[in-house]
Amino acid sequence: MRSVAIVGAGKMGESILKGWIASDVGAAATLNPESFLVVEPNEDRRIYLQQTYGVKACDGVQEALTCDLVLLAVKPQVMADVLGTIALEMTAMQNDDAKELPLFVSIAAGMTTERILSMLERDVELVRVMPNMPLQVSAGASAVCGARTATVQSVELVKDLFSCLGIAVVLPESLMDAATALNGSGPAYVAKMIEAMRDAAVDEGLERDVAERLALQTVYGTALVLHETGQDVGDFKKSICSPGGTTLAALDAMDQAGFDEVFVEGIHAAVVRAKELASC
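Just remember that my numbering sits 33 ahead of the position in the sequence shown, which is counted from 1.
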């Protein structure tokens with residue numbers, strides 16, 4: 034893979050661009066600033082990207098179709114317009130051979146591969162990814178699935194590329210809504226938990242900034258230990274609890290308050306909403 038076009042350079046698009054340029058492992062190791070073309074309608078944003086990363090930037094999708102891979106990183110609400118423009122450009126190219134067209138990768142939440150293919154008006158190779166915002170620090174979690182048009186090799190390539198930004202797993206598309214509810218929305222759940230831990234500690238007398246720093250570091254450190262050691266989450270939880278101690282008292286109170294049910298209901302609600310968006 035020699036060239037990548039990123040259509041849409043918001044926070045997620047820029048994070049992916051930055052991570053792939055910086056990565057020296059896997060498929061991304063062969064990419065450098067000269068490998069990238071960013072398609073962005075905002076002129077100030079284009080100038081910023083060119084000056085910051087040394088990439089080429091333009092405001093139209095025509096040149097993007099000459100790249101090996103096209104990452105569709107625009108918001109779902111404008112995706113239809115972008116795909117319509119791409120479809121017109123492909124028709125203008127009078128190229129009916131999908132093998133000569135780029136591999137398309139979509140990170141739009143709630144948009145199925147069949148819906149995207151119908152908007153593109155031809156069976157191009159397409160892979161769908163559900164990443165999350167920790168990509169900003171190369172600690173993302175991404176779910177990957179191939180459209181019926183995608184080869185196994187293309188799916189593995191995309192998985193490899195997103196693994197350079199954290200971890201990536203391949204799933205059937207039927208499970209992408211569940212992945213969206215877990216890793217896609219998950220950072221917001223963790224942030225809300227940190228808020229709740231902070232505010233509860235403030236109620237007990239801690240200063241707000243001290244409570245937030247302690248809560249944030251506790252969540253970060255716990256995740257790091259579990260990630261680095263591979264320890265079972267349940268076993269780790271038990272190892273913190275002493276019989277009759279404060280941790281066990283807290284967990285018992287949380288269980289009585291319905292702690293687990295909160296997450297069950299929340300993730301289920303996110304799955305339901307993802308399916309609603311997919312049918313729009």
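Cβ atoms here follow ideal geometry from the backbone N, Cα and C, with glycine treated the same way.
Quantities reported herein were computed from a predicted structural model and do not represent experimental measurements.
>> On a Cα-Cα basis, can you pick out the residue from 94, 135, 154 that is closest to residue 160?
In response: 135
> For residue 52 versus residue 196, is the C-beta distance shorter than 7 Å?
Replying inline: no
> So, do the segment 60-78 and the segment 136-155 have three or more beta carbon pairs nearer to each other than 8 Å?
Replying inline: no
> What is the DSSP secondary structure of residue 43, reduced to helix, strand or coil?
Replying inline: coil
>> Quick check on the DSSP output: what are the complete beta strand (DSSP E) runs of length 3 or more inside the segment 48-132, in order along the chain?
In response: 69-72, 89-91, 102-105
>> Give the list of continuous beta strand (DSSP E) stretches no shorter than 3 residues that lie fully inside the segment 185-229.
In response: 199-203
>> I want to know whether the segment 37-46 touches the segment 55-75 - three or more CB-CB distances under 8 Å.
In response: yes
> Between the Cα of residue 205 and the Cα atoms of 122, 181, 268, which residue gives the shortest distance?
Replying inline: 181
> On the three-pair Cβ rule with 8 Å, is the segment 184-195 touching the segment 43-60?
Replying inline: yes
> Which one or two residues does DSSP pair with residue 163 in a beta bridge?
Replying inline: 176
> How about the segment 221-231 and the segment 78-87: do they share at least three Cβ pairs that are nearer than 8 Å?
Replying inline: no
> Relative to the C-alpha of residue 44, which residue among 163, 158, 169, 125 is closest?
Replying inline: 169
> Helix or strand or just coil, what does DSSP make of residue 310?
Replying inline: helix
>> Quick check on DSSP: helix, strand or coil for residue 183?
In response: coil
> With residue 198 and residue 49 assumed to form a contact (beta carbons below 8 Å), what rounded beta-carbon distance in angstroms separates them?
Replying inline: 7 Å
> So, is residue 105 buried or exposed, given that buried needs 16 or more other C-beta atoms within 10 angstroms?
Replying inline: buried
> When burial is assigned at 16 or more other CB atoms within 10 Å of the CB, is residue 283 buried or exposed?
Replying inline: exposed
> Quick one: complete alpha helix (DSSP H) runs, 4+ long, within the segment 228-291?
Replying inline: 241-262, 266-273, 279-289
> Which two residues bound the contiguous beta strand (DSSP E) that contains residue 136?
Replying inline: 136-139
> In whole angstroms, what is the alpha-carbon distance linking residue 292 and residue 151?
Replying inline: 42 Å
> First and last residue of the alpha helix (DSSP H) that includes residue 146?
Replying inline: 146-153
> Quick one: is residue 269 buried, meaning 16 or more other Cβ sit within 10 Å of its Cβ, or exposed?
Replying inline: exposed
> What are the partner residues of residue 38, as DSSP defines its beta bridges?
Replying inline: 70, 103
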